[in-house]
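Chemist: First the structure, then my questions, so here it is.
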Amino acid sequence: MPNDTPTLLRSATPQLWLNPLRANGGDVPPLVLQGHPWGIADMHTAQHRFARFAPLLAQLFPELADSRGQIESALVPVPHMQQALGLPPQAGRLWVKADHSLPVAGSIKARGGFHEVLEWAEALAEQHGLLGPNTNYTTLAEPAARALFARHQVAVGSTGNLGMAIGVLAAALGFRAVVHMSVDAKDWKKNRLRQRGVEVVEHAGDYEQAVSQGRQLAKPDPLCHFVDDERSMSLFVGYSAAALHLRDQLKAQGVAVDAEHPLLVYLPCGVGGAPAGIAWGLHQIFGAHVHCFFAEPVQSPCFLVQMLAPVGHHPSVYDYGLTNHTQADGLAVPRASLLAAYAMQAMLAGAFTLQDHTLLEHLALLHATEGMR
Ligand SMILES: *Cc1c(COP(=O)(O)O)cnc(C)c1O
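Counting along the sequence shown from 1, when you hit position 353 you're at 477 in the numbering used here, and nothing is skipped either side.
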């Protein structure tokens, strides 16, 4: 049996792929999209937007009172997990960036998804004269702003977690919120959204179909903003801002990142927007000293499939005879974001695939060794 990358993909065999196009020498390839050269200034813009909204978020979500409206996660050393995985201390130090415990949304989607909803809310409020240069954003919890938001709708297609993030925030701000869910979405996520006043539309198809039907339904309505997980730069820069906080956390822990101390980052990948946004943000800060690897389920390796595709092609995991079935519901995506793939083509260090039982064993190991849930 040959064991080239496509053969291993087809047979759902776990593998590591290294990107032959990764740029050497520390150059960060420029990202020019929609006529704009994206860079660290855009990451700061997103970070400042989160900061402007923090007082409002602290008011809307009691769980944010302690952090005064900041939505961030801890960087946790996991030495016992490192030992259990057989990684010797000379290999470096293993950390978990605890985005699973990001408040309000409970997933990495709080970064990109929240950013896009906040950006739209801010633009609407500005257009309607509700925000001046010195306005406190808690104004947006008052009747004038809520009435404005109530006339508008936020829609999104999701396997579950993006819908949770967008739906919960949009509804809290007073928007009408509609979430188009794929078959993979877990029932408890649908129920929780409905409890929060979000309209959940269930689709018989996969994530890609839920997104495309949601996009079609939203298009003719000027009062509806569709959060497009496959194409949105607002999501992308919202995710990328995570890198600024991670830089500060590493510094606070005395962790240097340089040629002798490379930073290796392992990012779970669905459509690719979240991991690509974060990888891109880290490269704006650490250049060639950071090496990002995307982790994908063996049945849903859409990003690796896209990285292998010839220019102009957009294949899906079904083209490889795969099922797109995985317990990792946030990663059950058949076709990658072209935006994310474009941003990563010369930047991504590699991608690897895992069987579901490995994901679950590692979760159990984290619980046993570090008490992490
Ligand atoms: C969505 C999601 C990811 C991956 O993000 P994409 O933008 O879809 O690649 C990773 N982890 C969790 C928990 C998610 O919900």
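Idealized CB from N, CA, C, for every residue including glycine.
Does the Cβ-Cβ distance between ASN285 and LYS221 come in under 8 Å?
Modeler: Against a cut-off of 8 Å, the Cβ pair of LYS221 and ASN285 comes out as no contact.
Chemist: Which runs of the alpha helix (DSSP H), 4 residues or longer, sit entirely within the region 203-273?
Modeler: Listed in chain order, they are 203-208 and 233-251.
Chemist: How many Å lie between ALA271 and ALA247 at the Cα?
Modeler: Near 15 Å, if we compare the C-alpha coordinates of ALA247 and ALA271.
Chemist: Which residues share a DSSP beta bridge with CYS416?
Modeler: CYS416 is bridged to VAL389.
Chemist: Am I right that HIS327 and HIS349 are in contact with their C-beta atoms under 8 Å? What's the rounded C-beta distance?
Modeler: That belief does not hold up - the Cβ atoms of HIS327 and HIS349 are roughly 20 Å apart, past 8 Å.
Chemist: Between LEU286 and ligand 1, is there a pair consisting of the residue's CB and a ligand heavy atom that are separated by less than 7 Å?
Modeler: At least one heavy atom of ligand 1 is nearer than 7 Å to the Cβ of LEU286, so yes.
Chemist: Closest by CA to HIS407, which one among VAL379, ALA366 and GLY159?
Modeler: If we check each option's Cα against that of HIS407, ALA366 comes out closest.
Chemist: With distances taken between CB atoms, is the gap from GLY394 to GLY338 smaller than 8 Å?
Modeler: No, Cβ-Cβ distance for GLY394 and GLY338 is not below 8 Å.
Chemist: Hey, out of LEU484, VAL441 and HIS252, whose CA is closest to LEU451's CA?
Modeler: Checking the sequence shown, residue 451 turns out to be Gln, not Leu. For GLN451, the nearest C-alpha among the options comes from LEU484.
Chemist: May I have the straight-line CA-CA distance separating LEU140 from ALA215, to the nearest angstrom?
Modeler: LEU140 and ALA215: Cα-Cα distance of roughly 18 Å.
Chemist: Keeping to the same chain, check which residues put their C-beta closer than 6 Å to that of LEU255; ignore five residues upstream and five downstream.
Modeler: Around LEU255: ALA249.
Chemist: Can you find the residues in the same chain that come closer than 7 Å, C-beta to C-beta, to GLU243, ignoring five residues on each side of it along the sequence?
Modeler: ARG173 and SER358, listed in sequence order.
Chemist: Is it buried or exposed, PRO399, if we count other Cβ atoms within 10 angstroms and call 16 or more buried?
Modeler: Classification of PRO399: buried, given that the 10 Å Cβ count is 16 or more.
Chemist: With 16 as the cutoff for other CB atoms within 10 Å, does LYS314 come out buried or exposed?
Modeler: Buried.
Chemist: Taking PHE476 as the reference, give the member of ARG176, TYR390, ALA178 and GLY253 with the closest Cα.
Modeler: Checked all of ARG176, TYR390, ALA178 and GLY253; the closest Cα to PHE476 is TYR390.
Chemist: Please state the DSSP three-state secondary structure of MET305.
Modeler: Three-state result, MET305: strand.
Chemist: Are the CB atoms of PRO439 and ALA433 within a distance shorter than 8 Å?
Modeler: It is a contact, given that the beta carbons lie within the stated cut-off.
Chemist: Assuming the contact rule is C-beta atoms closer than 8 Å, VAL228 and VAL278 should be a hit. Round their C-beta distance to whole Å, please.
Modeler: That pair is no contact at about 15 Å.
Chemist: Using DSSP's beta-bridge definition, name the partner residues of HIS160.
Modeler: HIS160 pairs with LEU157.
Chemist: Is LEU446 helix, strand or coil by DSSP?
Modeler: In the structure shown, LEU446 sits in coil (DSSP, three-state: anything other than H, G, I, E or B).
Chemist: Below 7 Å, is the gap between the Cβ of LEU455 and the nearest heavy atom of ligand 1?
Modeler: Yes, the beta carbon of LEU455 sits closer than 7 Å to at least one heavy atom of ligand 1.
Chemist: Could you give the C-beta distance for TRP404 and ALA467, rounded to a whole number, given that I count them as a contact under 8 Å?
Modeler: Between ALA467 and TRP404 the Cβ distance is about 5 Å, and since that is below 8 Å, they are a contact.
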